[in-house]
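Residue numbers (the numbering used here): 97 to 167.
In this text, a Cβ means the ideal position worked out from N, Cα and C, and glycines have one as well.
It should be emphasised that the depicted structure is a prediction, and the values quoted were computed from it without experimental measurement.
All remarks here apply to the structure that follows.
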């Protein structure tokens, strides 16, 4: 599927996680990122706003626990 390129900066931990998961799923890191973006953009605006608020609070471990509770 041809599309438009979008660039994002992520932490080393996220980049490593994406690379590992891409290898496990026999996909490219870009395919993993595109899937994540499609999922995020399909969420209702209020859900995205809540995720953004959570991302700005607490430590990385606290954010991970909060996201895991939602998932």
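To the nearest angstrom, how far is it from the Cα of residue i to the Cα of residue j?
i           : j           : result
residue 126 : residue 147 : 22 Å
residue 111 : residue 164 : 19 Å
residue 109 : residue 119 : 15 Å
residue 116 : residue 123 : 10 Å
residue 141 : residue 166 : 16 Å
Which of helix, strand or coil does DSSP assign to residue i?
i           : result
residue 111 : helix
residue 148 : helix
residue 158 : helix
Using a Cβ-Cβ cut-off of 7 Å (strictly less than) and excluding sequence neighbours within five positions of residue i, which residues of its own chain qualify?
i           : result
residue 136 : 144
residue 162 : 150
In its own chain, which residues sit with a C-beta less than 8 Å from the C-beta of residue i, not counting the 5 before and 5 after it?
i           : result
residue 133 : 102
residue 159 : 150, 151, 153
residue 139 : 147
To the nearest whole angstrom, what separates the beta carbons of residue i and residue j, a pair I think is in contact under 8 Å?
i           : j           : result
residue 114 : residue 128 : 5 Å
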